[in-house]
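Numbering (the numbering used here), first residue to last: 28 to 375.
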Ligand code: UDP
């Protein structure tokens with residue numbers, strides 16, 4: 028039987044690559060497009076090592092309407108699109124807002140226009156808990172009010188949600204699932220794929236693993252005077268493979284027409300808030316490796332605490348975060364060690 032083809036834009040990126048693996052495991056045929064602006068072509072080998080399948084890959088920039096049009100002409104039988112192609116560094120977005128609006132919004136508009144042209148009905152979008160800002164009540168449900176964005180990156184996520192919501196209103200066949208991720212961390216348990224931060228990491232986990240590996244001298248804990256039990260910020264850290272599996276459920280729901288509304292929103296988190304200091308302690312316990320750290324001033328724009336109510340995803344998507352924090356942190360460490368092996372092999 029023919030496999031159902033799913034376009035994964037940004038499919039060589041961190042969450043994209045893990046999703047490609049889970050799509051293959053679930054019997055789909057993912058096709059990747061990526062412009063490799065923040066990812067590496069070697070990721071394809073990692074995907075093959077895990078699944079035995081080398082997915083179709085096309086080096087295309089989603090901002091380029093003409094190339095994208097040609098792509099859809101070449102692969103006419105795509106049943107759904109999962110859109111990961113976007114820039115995601117909050118700090119960079121403040122410095123280069125137009126780059127973020129261009130990358131994130133133009134790509135999305137091109138994709139939706141071409142979905143209409145090529146009669147593709149189903150769209151899954153990578154959104155973020157950043158749309159909630161510092162919520163007045165925790166945990167955050169899908170009905171928690173959206174707060175004004177605090178960065179151009181956050182604005183692009185809010186605007187993208189609006190673009191999709193207006194599009195499904197206007198175009199009767201179009202169906203969309205917005206997935207609001209909390210803090211994705213960890214790597215595939217095989218250590219064949221994982222996060223590849225560009226330069227000095229902004230996010231906590233890659234900074235932790237690089238410090239543990241001796242690449243960075245010391246982790247800075249941004250603030251220990253917040254109104255939380257240990258004074259450090261609290262987030263909901265979600266295992267990247269668990270997160271990837273939610274995309275498979277979302278695609279299935281759309282392709283099998285089990286969605287209840289033309290646009291649906293799901294929070295993807297564990298439901299548990301964990302502080303920065305707890306992450307350090309749990310990492311040390313899980314790996315036996317020390318993480319040197321110091322307390323540093325608060326980071327601009329950080330919210331104090333956020334965690335998800337994912338019960339809607341549990342009941343409607345049939346999805347649940349399953350991997351323990353210890354296991355997730357260990358997977359991140361194993362991936363860091365794999366990267367070290369690769370660097371050493373390359374320098375020989
Ligand atoms: N953080 C930290 N040191 C770092 C990087 C991050 O203390 O080097 C903290 C940050 O202040 C926040 C949490 O770790 O409380 C998660 O930050 P990250 O940038 O990974 O995700 P965010 O929730 O900000 O999107």
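Even glycine gets a Cβ: it sits at the ideal position worked out from N, Cα and C. Since we're looking at a predicted model, the values are computed, not measured.
Relative to the Cα of residue 318, the nearest Cα in the group 71, 308 and 324 belongs to 308. Between residue 151 and residue 204 a beta carbon distance of about 5 Å is seen, short of the 8 Å cut, so the two are scored as contacting. The bridge partners DSSP lists for residue 151 are 109 and 204. Within the same chain, Cβ atoms closer than 7 Å to the Cβ of residue 340 are found at 273, 293, 294, 295 and 346, the five residues on either side in sequence being excluded. Around the beta carbon of residue 49, 16 or more other beta carbons lie within 10 angstroms, which makes this residue buried.
Take the alpha-carbon of residue 90 and the one of residue 105: they are about 19 Å apart. Under the Cβ criterion (8 Å, minimum of three pairs), the region 193 to 207 counts as touching the region 282 to 289.
Excluding sequence positions up to five before and after residue 255, its CB lies within less than 8 Å of the CB of 261, 302, 331 and 332, all in the same chain and listed in chain order.
Ranked by Cα distance from residue 178, the first of 94, 167, 30 and 125 is 125.
Rounded to whole angstroms, the separation of the alpha carbons of residue 316 and residue 121 is 35 Å. If you draw a 10 Å sphere on the C-beta of residue 28, you find fewer than 16 other C-beta atoms in it, and that means exposed. Boundaries of the beta strand (DSSP E) around residue 323: 320 to 323. Along the region 77 to 138, the beta strand (DSSP E) occurs as fully enclosed runs of 3 or more residues at 83 to 86 and 105 to 110, listed in sequence order.
The residue from 322, 207, 361 and 71 with its alpha-carbon nearest to that of residue 173 is 207. A straight line joining the alpha-carbon of residue 55 with that of residue 110 spans about 16 Å. With a minimum length of 4 residues, there is no unbroken run of alpha helix (DSSP H) contained wholly in the region 206 to 232. Counting only the Cα atoms, residue 236 lies some 25 Å from residue 335. The C-alpha of residue 357 lies about 14 Å from the C-alpha of residue 264. With a cutoff of 6 Å, residue 310 does not count as near ligand 1, since its C-beta is closer than that to no heavy atom of the ligand. Chain-ordered, the residues whose CB falls short of 6 Å from any heavy atom of ligand 1 come out as 210, 229, 230, 231, 234, 246, 247, 248, 249, 260, 262, 303, 326 and 329.
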